[in-house]
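Q:
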Amino acid sequence: QRLLTLRDMRPLFLTFVRRPEVSVVVGARVDRLGLAVTRAKPGPGYIAHMTPGCWAASSGMDTGDEVLEVNGEPLRRWSYEDLQAALGETRPLTLRVLHRPTFVAIARAED
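Okay, so the sequence shown: first residue is 284 according to this note's numbering, each after it adds one.
#1: Buried or exposed: where does A331 fall if 16 or more other Cβ atoms within 10 Å of its Cβ makes it buried?
#2: Quick one: what's P357 bridged to in DSSP?
#3: Identify the continuous alpha helix (DSSP H) that holds S342 and give its terminal residues.
#4: Apply the 10 Å Cβ neighbour rule to G328 and answer buried if 16 or more other Cβ atoms are within range, or exposed otherwise.
#5: Which of helix, strand or coil does DSSP assign to L254?
#6: Using three-state DSSP, classify A331 as helix, strand or coil.
#7: Within 8 Å, do at least three Cβ pairs link the stretch 369-384 to the stretch 299-317?
#8: To the nearest angstrom, report how far apart G347 and L318 are at their CA atoms.
#9: On the DSSP bridge list, what partners appear for E304?
#10: If I measure Cβ to Cβ from S342 and keep anything under 7 Å in the same chain, skipping five residues before and after, which residues do I get?
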C-alpha cells in the first residue's frame, strides 16, 4: 500500500504480509478459549479481545483475526447468541480463521 505523508507529501510504501487461513480444532479438554468475537451482522466476525496466555493465543490466533466458519458453517449463518454458546460450550469445535495482515516494512520513496 502507498501513503502520502502530510509534512512533505512524499510517498511512503507500507508492506503487509497476509497470513494464511487456518482451521483450529478445539478439543474436548479445552474449558475456555480466552477470546471474544465481535461481529456486524450479517458480516464477518473478528477476534476483538484475547486473554494473555489463553488457549486461543497458544493456538496461533490473535486479535483482529477474522472468524470465517464455525463447525463448517459460515459465520453469517450464526446468531450472536448461538455463536457465543458454541464458543463457550461446544466441543469439539472447529474454527476457520483468516489471520489479519501483518505489517512488515515501511520505506520512503527516494526523490
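Beta carbons: idealized from backbone N, C-alpha and C, even for Gly. The structure presented is a predicted model; accordingly, all values stated were derived computationally and were not measured.
A: Let me lay it out:
#1: exposed
#2: E352
#3: That residue, S342, is in no alpha helix (DSSP H); it is neither H nor E in DSSP.
#4: buried
#5: Look at the range of the chain in this structure, 284 to 394, and you will see that residue 254 is not part of it.
#6: Correct three-state label for A331: strand.
#7: yes
#8: Answer to the nearest angstrom: the Cα atoms are 11 Å apart.
#9: L381
#10: V307
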